[in-house]
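Data block below; observations after.
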Amino acid sequence: MIDMLSELWEAISQNYIAQAAFWGWVSAQVLKFIIVLVKDRTLRLDRLVGSGGFPSSHTSFVMSTTTALLLKNGPDSDLFIVSLIFSIVVMYDASNVRLEAGRQAQILNQIVEHFKKRNILVTLKGSQQSLKELLGHTPFEVFGGLILGIAVAYYQYSYIYNGVL
44 MIDMLSELWE AISQNYIAQA AFWGWVSAQV LKFIIVLVKD RTLRLDRLVG
94 SGGFPSSHTS FVMSTTTALL LKNGPDSDLF IVSLIFSIVV MYDASNVRLE
144 AGRQAQILNQ IVEHFKKRNI LVTLKGSQQS LKELLGHTPF EVFGGLILGI
194 AVAYYQYSYI YNGVL
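Its first residue numbered 44, the sequence shown is counted upward by one per residue in my numbering.
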């Protein structure tokens, strides 16, 4: 079992598509961290793994994967087309559904805070004191993730693999 897992890890870690996906996600998360560090002058380690903000790491992740599939298999590849379709769904979800869910969480948190100020008991189940508000992305944040994901996969293909897979 250990040998099988070791072989699986080795195969995944040497796979161009998996590498592109990983670096697409990591580059977006690190960029978010640096932007908050410079802009707000605060050290927020949660930005290395958290959702929301510029650029969209979900979008960067799926677009680096999609671009890598395009570069490896060509535009007429079924795998590329399926990946592109799922990427569009993820980007739509990030900039619409999750963004609106975050706005609703913001409003609900304001309502809870309003009740607390008037000593009206409001209890949220679990250990969470408020709802997470930073869930989705603006279209600009999604666009940033799209450009970053394409750039990461293209850079990896052109400069690390020298255009040969």
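Glycine included, each C-beta is placed from N, C-alpha and C at the ideal position.
This one's a predicted model, so the numbers in the text were calculated from it and none came from an experiment.
Pro182 sits in a helix when the DSSP states are folded into three classes. Per DSSP, reduced to three states, the secondary structure at Ser99 is coil, with no helix or strand assignment. Between Met134 and Gly188, the gap from beta carbon to beta carbon is short of 9 Å. Fewer than three pairs of CB atoms, one per stretch, sit closer than 8 Å, so the region 70-88 makes no contact with the region 146-160.
Residue environment: Thr85 is assigned as exposed (fewer than 16 neighbouring CB atoms within 10 Å of its CB, all protein chains considered).
Considering only Leu208, Tyr200, Ala196 and Met44, the residue with the shortest C-alpha distance to Phe104 is Ala196. In this structure Ser107 does not touch Ala61 by the C-beta definition: roughly 10 Å separates them, more than the 8 Å allowed.
Ser201 carries a helical assignment under DSSP once its states are collapsed to helix, strand and coil.
In this structure, Thr109 keeps its C-beta atom at 9 Å or more from the C-beta atom of Leu91. Cβ contact annotation for His101 (same chain, cutoff 6 Å, sequence separation greater than five): Val133 and Ala137, in chain order.
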